[in-house]
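K.L.:
Take a look at the following structure, please.
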Ligand SMILES: [Zn+2]
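This is how it looks when you write it as structure tokens:
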């Protein structure tokens, strides 16, 4: 018999059988979910219907820099799979049968679409989650599910092709680095899992929740961050307009950089600049907000040149931070505690 807490539905069939049955009926490739912290608009087309964001990888990423961990350093995946709960946290464990979203649906996390999205946000930097998932890959997440909000991931792991010669393990551990304003996610070796724009518009933010290529109707990047976070001009330039299409964009600023690219900053709380104002790189142009058509506090950052939308990750380039050596003992302790919950499936608590 399975422990009750590891079954789904409660008292019903073990998850795995149930999941396989569900997956055989559905081949849902959309990793779609609406979550807080994103806007759902095409800013220049106010008539356009809202569309759910699709969490997708950056197609041009070619470097796999979240290092693969030897299999013998990772605890074996226990049976049965499913959801285990304790003291406000839950552990989801699943095996990919078709798509990531089907994997989460099949195992019935309380909010599978949202859990799919927050999980995909972490590993989309390293893995093309539409093309490069394999049947038999495993997904594991330790998370909290606050009422009315998206799941908060504490730890996550993706094992690609486990048990084969080409197994790769990607891990993400939530940890607030010394001096950082927000926790982020770090690999086993202390490398930051989500990439950052080089000289982007926000020196501090919580998380990138939407990349340009996530969905065709969304023309920018979204940075989840509390209202009032300072926004800076990434390049020198001139303010070309403010607060156009206010119903959709909220308070907003457009800046033409001196290299000819145009940047739009939407859903701001306050604008700190005026039309025609000349800016040097790093000038604060306002604070982030949740104005206009926005589902949660965030900045929408959009780049164009000659009428064509640019991918901010290509325009700026990206980097990954590494925890400094003196932060590693603290990180290692935090990682160990999270790993005990993830690998022990909360059984020890
Ligand atoms: Zn956006």
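In my numbering, the protein residues as written are 65 to 413.
Every residue gets a Cβ at the ideal spot worked out from N, C-alpha and C, and that includes glycine.
(1) Pick out the complete beta strand (DSSP E) segments inside the region 314-389, 3 residues or longer, and give them in chain order.
(2) Exposed or buried, which one is residue 251 when buried takes at least 16 other CB atoms within 10 Å?
(3) Compute the minimum distance between the beta carbon of residue 224 and the heavy atoms of ligand 3, and state whether it is under 7 Å.
(4) Quick one: does residue 374 have its CB under 8 Å from some CB of chain D?
(5) Do residue 332 and residue 353 come within 8 Å of each other at the CB atom, strictly closer than that value?
(6) Note down, one range per segment and in chain order, each beta strand (DSSP E) of at least 3 residues found wholly within the region 224-248.
(7) Note the first and the last residue of the continuous alpha helix (DSSP H) segment covering residue 183.
(8) Out of 209, 373, 400 and 389, which has the shortest C-alpha to C-alpha gap to residue 280?
(9) Ordered along the chain, which non-local residues of its own chain (more than five positions away) have a Cβ less than 7 Å from that of residue 223?
(10) How many angstroms separate the CA atom of residue 266 from the CA atom of residue 186?
(11) Mark residue 358 as exposed unless 16 or more other C-beta atoms lie within 10 angstroms of its C-beta, in which case mark it buried.
(12) Could you check whether residue 379 and residue 297 sit closer than 8 Å to each other, using their CB atoms as the reference points?
(13) Is the Cβ-Cβ distance between residue 316 and residue 304 less than 8 Å?
(14) With H, G and I counted as helix, E and B as strand and the rest as coil, what does DSSP make of residue 165?
(15) Can you find a heavy atom of ligand 1 that lies under 7 Å from the Cβ of residue 264?
(16) Ends of the alpha helix (DSSP H) at residue 408?
(17) In terms of DSSP beta bridges, what is residue 271 paired with?
(18) Between residue 93 and the rest of its own chain, which residues show a CB-CB distance below 6 Å, the 5 nearest in sequence each way excluded?
(19) May I ask you to report which of helix, strand or coil DSSP gives residue 300?
(20) Return the CA-CA distance between residue 283 and residue 294, expressed in angstroms with no decimal places.
(21) How do the region 253-271 and the region 198-218 stand: do at least 3 beta-carbon pairs fall below 8 Å, yes or no?
(22) Could you have a look at residue 312 and say whether DSSP puts it in helix, strand or coil?
(23) Please state the DSSP three-state secondary structure of residue 171.
(24) Would you call the CB atoms of residue 248 and residue 241 closer than 8 Å?
(25) Which of the three DSSP states, helix, strand or coil, is assigned to residue 156?
(26) Determine the direct distance from the alpha carbon of residue 290 to that of residue 408, and round the result to whole angstroms.
(27) For residue 217, which beta-bridge partners are listed by DSSP?
(28) Using only the heavy atoms of ligand 1, determine whether one of them is closer than 7 Å to the beta carbon of residue 286.
(29) Whole angstroms is fine: what's the gap from residue 389's alpha carbon to residue 254's?
(30) How about residue 383 and residue 260: do their beta carbons lie closer than 8 Å?
(31) Quick one: using the 10 Å Cβ neighbour count with 16 as the cut-off for buried, is residue 174 buried or exposed?
(32) When burial is assigned at 16 or more other CB atoms within 10 Å of the CB, is residue 310 buried or exposed?
(33) Return helix, strand or coil for residue 261, following the three-state DSSP convention.
P.N.:
Reading it off the structure:
(1) 315-321, 326-335, 348-352, 362-369 and 372-374
(2) buried
(3) Looking for ligand 3 in the displayed structure turns up nothing; the ligands present are ligand 1.
(4) Of the protein chains in the structure, only one exists, and it is not chain D.
(5) yes
(6) 232-239
(7) 176-187
(8) 373
(9) 201, 202, 231 and 233
(10) 19 Å
(11) buried
(12) no
(13) no
(14) helix
(15) no
(16) 392-408
(17) 288
(18) Since pLDDT at residue 93 reaches only 31, below the 50 mark, its modelled position is unreliable, and the value read off the structure follows with that caveat. 163, listed in sequence order.
(19) coil
(20) 22 Å
(21) no
(22) helix
(23) helix
(24) yes
(25) strand
(26) 34 Å
(27) 207
(28) yes
(29) 9 Å
(30) yes
(31) exposed
(32) exposed
(33) strand
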